[in-house]
Amino acid sequence: MLAEVARLGRDYIPVLKTIAKEKPSTSPLEKYAEEQSPNFYDLYALVAIRLWSILEAYIRDISCHVIEHVPEVRQRKEFSKLKAPIVDFLNTTNQEQADYLYELIEANCTGALKSGVGRFEAVLSSLGYDGPVDDTVRDELYHLSRLRNCIAHNDGIVDKKLIGGCPWWKGNEGTRVGITAAMARKFLYAVSWYMLEVERRALPSNFDHLDKLEKKQTEYLQELNSEYIPGRFPFS
16 MLAEVARLGR DYIPVLKTIA KEKPSTSPLE KYAEEQSPNF YDLYALVAIR LWSILEAYIR
76 DISCHVIEHV PEVRQRKEFS KLKAPIVDFL NTTNQEQADY LYELIEANCT GALKSGVGRF
136 EAVLSSLGYD GPVDDTVRDE LYHLSRLRNC IAHNDGIVDK KLIGGCPWWK GNEGTRVGIT
196 AAMARKFLYA VSWYMLEVER RALPSNFDHL DKLEKKQTEY LQELNSEYIP GRFPFS
């Protein structure tokens, strides 16, 4: 699964394409991780953080791409409300302008403060690329975002916010989060499905391989639903 996560980043995010194409050898890493954390809890916690980072970077990349290359996007009313130093803005490249406009859109979008997929859909809505998200995928991305925040900002120590956001998770405040392999797989499927969904929205309806993309989405959803048993994951 670690190799799948590495490939996910390499395939979808330009800045991560420097990762070696050969399948990485994970046995030494897994051996070390098992010694440090039984059941690889800490290792899969890093997987969760990586997956969320991949998703954040992908949404930013595809958003900047449509801002730069799709004229209709800049004509939306959301862009007419933006304020920026005009001279400095005009003296930048098209790509830099797109990056800057994305930052302004995100900063002016109240939905960007939401947890889970809501923060991405709020920004995509401003660009005209929002849409429905499967409920199971939405739930998993919400849980992933809450767990990622707990791991990254609270050293993995469970607090009331995490318990409130993940009611299916049994445990007490003050214990440490334990991400299992099954959880990491679910997060991988959910992230992969959503990235393909955003890509599908951005592609023309007559795109040659659209059917293959949708088939892959269906496969991810089937894998996700086959393992979807709320409440079975304990705290470590």
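Basically the working numbering = 1-based index in the sequence shown + 15.
Beta carbons: idealized from backbone N, C-alpha and C, even for Gly.
These numbers come from a predicted model, not from an experiment.
DSSP state of residue i mapped onto helix, strand, coil
{"i": "P245", "result": "Reliability of the predicted coordinates at P245 is poor, the pLDDT of 48 falling under 50, and the value obtained from them is presented with this limitation in mind. Three-state DSSP puts P245 in coil, outside helix and strand."}
{"i": "H84", "result": "helix"}
{"i": "R75", "result": "helix"}
{"i": "T108", "result": "coil"}
{"i": "N240", "result": "helix"}
{"i": "A99", "result": "coil"}
{"i": "S141", "result": "helix"}
{"i": "K230", "result": "helix"}
{"i": "P39", "result": "Note that P39 scores 49 on pLDDT, short of 50, meaning its location in the model is unreliable and no value can be drawn from it."}
{"i": "F222", "result": "coil"}
{"i": "K92", "result": "helix"}
{"i": "S68", "result": "helix"}
{"i": "D149", "result": "coil"}
{"i": "G133", "result": "helix"}
Nearest to residue i (by Cα), restricted to the options the options
{"i": "T195", "options": "L162, K227, K176", "result": "L162"}
{"i": "A217", "options": "I74, W67, L66", "result": "I74"}
{"i": "T151", "options": "A167, V206, P219", "result": "V206"}
{"i": "V213", "options": "R200, L66, E229, K201", "result": "E229"}
{"i": "W67", "options": "G189, Q232, E155, R215", "result": "E155"}
{"i": "F135", "options": "P182, N221, R200, I77", "result": "I77"}
{"i": "V6", "options": "K98, I69, A113", "result": "Within the shown structure, residues of the chain are numbered from 16 to 251, placing residue 6 beyond reach of any answer."}
{"i": "L139", "options": "P100, R89, F202", "result": "R89"}
{"i": "R65", "options": "N123, D223, P100, F202", "result": "F202"}
{"i": "A122", "options": "S141, Q110, Q232, T107", "result": "S141"}
{"i": "G146", "options": "H80, L225, K227, R215", "result": "R215"}
{"i": "A60", "options": "R200, W183, V102", "result": "R200"}
{"i": "E87", "options": "G143, C79, V192, I69", "result": "G143"}
{"i": "R191", "options": "K175, P219, A197", "result": "K175"}
{"i": "Q110", "options": "A197, E83, V102, N164", "result": "E83"}
{"i": "N164", "options": "C181, T233, I101", "result": "C181"}
{"i": "R153", "options": "P219, G193, W208", "result": "W208"}
Supposed contact pair residue j and residue i - C-beta distance, whole angstroms, cut 8 Å
{"i": "A63", "j": "I178", "result": "That belief does not hold up - the Cβ atoms of A63 and I178 are roughly 17 Å apart, past 8 Å."}
{"i": "Y115", "j": "T107", "result": "7 Å"}
{"i": "M210", "j": "L119", "result": "Wrong, their Cβ atoms sit about 24 Å apart, outside the cutoff."}
Of all the alpha helix (DSSP H) runs that stay within the bounds of the stretch 160 to 199, which reach a length of 4 or more residues? Annotation note: the stretch 160 to 199 contains the following uninterrupted alpha helix (DSSP H) runs of length 4 or greater, listed N- to C-terminal: 175 to 180.
Please determine if the stretch 163 to 179 and the stretch 54 to 65 are in contact, where contact requires at least 3 C-beta pairs separated by less than 8 Å. Contact between the stretch 163 to 179 and the stretch 54 to 65 is present, because at least three Cβ pairs lie under 8 Å.
So, do the stretch 232 to 240 and the stretch 90 to 97 have three or more beta carbon pairs nearer to each other than 8 Å? At 8 Å Cβ cutoff, the stretches do not touch.
Check whether the stretch 153 to 160 touches the stretch 119 to 135, taking contact to mean three or more Cβ pairs, one atom from each stretch, closer than 8 Å. Segments in contact, yes.
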